[in-house]
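Presented below is the structure to which this report refers.
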Amino acid sequence: MREINMLRNISSCLFPHISTITSPNHYLSEWDDWEKQGLPEEQRTEAVRRLRACLTSKGHKLDLRALALSSLPVLPACIKKLDVSCNKLTILTDLPENIKELIARDNFLTHISALPHYLITLDVSENQLENLPLLPDTIKSLSAEYNRLSTLPSLPLNLKKLEVRNNELQTLPSLPSNLKILKVAHNHLTELPPLPRRLQLLFAYSNRLSNLPNIQENIIMRRFFYFENNQITTIPTNLFRLDPHITIEIANNPLSDQTLLFLIQQTSVPNFNGPQFRISLSDQNRLFLRQMLPQNLHSRHIRVITEGGQNFQIPPLPETVAAWFPEADRREVSTQWTSFSTEENSRAFSAFLDRLSDTVSARNTSGFREQVAAWLEKLSASAELRQQSFTVAADATESCEDRVALTWNNLRKTLLVHQASEGLFDNDTGALLSLGREMFRLEILEDIARDKVRTLHFVDEIEVYLGRSRPCSQRNFSSPLP
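According to the numbering used here, the residues represented by the sequence shown are 19 to 500, in order.
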């Protein structure tokens, strides 16, 4: 009786619309034959074990991942989720109709036959596909990244996520109105079809786009659109009327000086409440904007995330330190600081000094450069103080939330605390009181600066001082200067 029930379970799994079959052992023997035909590196014995277990339990999930399989046998009809990723498959055929989730990424697929009628999720990324079969109406998520696709089939109306980065697509079909996520970066697209109103995330960077698409307004949710590394030259005026929940990244595009000037002017008006823009500035752009814009002009809606499309190069530590000293002393200072270049966080400290040199204080405040030089001399004489200061600078550059001014304040407090711990004020009550007043003043200045940061449109985005911002070290974000 037990054997009969087992055969009935197997029969209902293989053929869910037929209550009994005459020879279910035929399918079991077929798996045995398939197992014997495997190559030495294939783990077909383990695959058959999982197939039998799935049949016996009438399971809905079949996991055949990472078994080095070059082909698949007939599969149980009862499964609803099939994962055959990380194998050596070249084709997928005769898939059970009940499958709703199919994961076949990281294979060598060149062909997929008809897909199951009730499929909801399909992931065939990291293969060698040149085309996809017709997509069932039920599909909601399609991932086919890192293939050789030059075209896509018609997209079902229910599709909510489409990921086809790193292919050879030149055009896209019409996008369904329910689409929320679209990733088409690293293709050959020259234009995009109209974007759905519900779209929340678009990766269209590293294509050949010459124009920005029309973005429809949707004030309900945060939305992000990435167009960096394209051929975009202009910014449509209708973008300025969009809601502030939208972020548009257009860095590393050939935007002209006049286009950038127009963008900054439009987003700097007092009552502007439009989207956030992320841009990049070349040295030529910066020079032009400095000449054309008021020195105290700010915009909460602009972030400079890269410089000229290239990673910001951190100057050597001896060079950035020596630049704060008079010309006659620079050679000696540079030689002395060369030995500190290998210390932990020295690169972050060099990046901070370089950014500090481009602030308004460094250029216009009398005695500021001498103050920094005197502080650097103290650092060269104390390994402990130098290590503490390097660490403070590293913390600042790891998070772009701190302005250069805040970091400078923190470094000055570090110096005062170090001097107190060294006993410098033990026999000088007046100097100790002056130290307390100085620490209090620095704390107040820091609180004021942080309050200013909190007034920005987004807490995690720092206002850009236009024409004077410099990118953060190792992280493509800008930090405004005082």
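Ideal Cβ placement from N, Cα and C applies to all residues, glycine included.
Quantities reported herein were computed from a predicted structural model and do not represent experimental measurements.
Less than 7 Å between C-beta atoms, sequence neighbours within five positions excluded: which residues of the same chain meet that for residue i?
i: Ala65; result: Leu82, Leu85, Leu87
i: Asn23; result: In this prediction, Asn23 has a pLDDT of 42, which is less than 50 and means its spatial position is unreliable; nothing more can be read from the coordinates.
i: Asn184; result: Glu163, Tyr164, His204
i: Leu397; result: Leu403, Arg404, Ser407
i: Leu137; result: Ile117, Lys118, Leu120, Pro154, Thr156, Ile157
Which class does residue i belong to by DSSP, given the choice of helix, strand or coil?
i: Arg404; result: helix
i: Val66; result: helix
i: Ile282; result: helix
i: Phe358; result: coil
i: Ser47; result: helix
i: Thr55; result: Sequence inspection shows Gln at residue 55; the Thr mentioned does not correspond to that position. Coil.
i: Asp81; result: strand
i: Asn243; result: The sequence shown places Phe at residue 243, rather than the Asn named in the question. Strand, per DSSP.
i: Arg373; result: helix
i: Lys396; result: helix
i: Phe306; result: helix
i: Arg296; result: strand
i: Thr169; result: coil
i: Thr255; result: helix
i: Phe267; result: It should be noted that the sequence gives Glu, not Phe, for residue 267. In the structure shown, Glu267 sits in a strand (DSSP, three-state: E or B).
i: Arg321; result: strand
i: Leu6; result: No information on residue 6 is available, as it lies outside the stretch 19 to 500 that the chain covers here.
i: Ser506; result: Residue 506 falls outside the range modelled here, since the chain spans only 19 to 500, and no answer is possible.
i: Leu200; result: strand
i: Glu186; result: coil
i: Phe386; result: helix
i: Phe290; result: coil
i: Glu181; result: strand
i: Phe221; result: strand
i: Phe367; result: helix
i: Gln276; result: helix
i: Asp261; result: coil
i: Arg348; result: helix
Would you call residue i buried or exposed, if buried means 16 or more other Cβ atoms sit within 10 Å of its Cβ?
i: Pro288; result: exposed
i: Arg421; result: Low confidence applies to Arg421: its pLDDT is 49, below 50, so where it sits in the model is not reliable enough to give any reading.
i: Tyr223; result: buried
i: Ala346; result: exposed
i: Ala132; result: exposed
i: Ala122; result: buried
i: Thr111; result: exposed
i: Arg226; result: exposed
i: Pro272; result: exposed
i: Ala392; result: exposed
i: Glu144; result: buried
i: Thr63; result: exposed
i: Asn43; result: exposed
i: Asn105; result: buried
i: Asn291; result: exposed
i: Ala399; result: exposed
i: Asn247; result: buried
i: Asp301; result: exposed
i: Asn270; result: buried
i: Tyr401; result: Tyr is not the amino acid found at residue 401; the sequence shown has Ala there. It is exposed - the Cβ of Ala401 has fewer than 16 other Cβ atoms within 10 Å.
i: Leu152; result: exposed
i: Thr338; result: buried
i: Arg365; result: buried
i: Ser357; result: exposed
For residue i, which residues from the same chain have a beta carbon less than 6 Å from its beta carbon, with the 5 sequence-adjacent residues on both sides left out?
i: Pro194; result: Leu173, Leu175, Leu177
i: Ile266; result: Phe243, Pro293, Phe295
i: Lys79; result: Lys99
i: Ile199; result: Lys179, Leu219
i: Thr255; result: none
i: Gln309; result: none
i: Ile109; result: His129
i: Pro231; result: Leu210, Leu213
i: Asp141; result: Ile121, Arg123, Ser161
i: Ala340; result: Arg348, Val351, Ser352
Counting only the same chain and skipping the five closest in sequence on each side, list residues whose C-beta sits under 8 Å from that of residue i.
i: Leu187; result: Leu167, Ser168, Thr169, Leu170, Val202, Asn205, His206, Leu207
i: Phe367; result: Leu335, Ser407, Phe408, Ala411, Ala412
i: Leu107; result: Leu87, Ser88, Ser89, Leu90, Ala122, Asn125, Phe126, Leu127
i: Asn196; result: Leu175, Asn176, Leu177, Lys178, Pro214, Arg216
i: Glu395; result: none
i: Glu115; result: Ala95, Pro134, His135, Tyr136
Just to confirm, does residue i get its C-beta within under 7 Å of one of the non-hydrogen atoms of the ligand NAD?
i: Thr255; result: This structure does not include the ligand NAD; it has no bound ligands of any sort.
Strictly under 8 Å for the Cβ-Cβ distance: is residue i near chain E by that measure?
i: Leu69; result: Absent here is chain E; the protein component of the structure consists of one chain.
contact_flag[the stretch 74–81, the stretch 41–55] where n(CB pairs < 8 Å) is 3 or more:
No: fewer than three Cβ pairs fall under 8 Å.
Beta strand (DSSP E) segments (min. 3 residues) lying fully within the stretch 66–143:
The qualifying runs are 79–81, 99–101, 119–121, 139–141.
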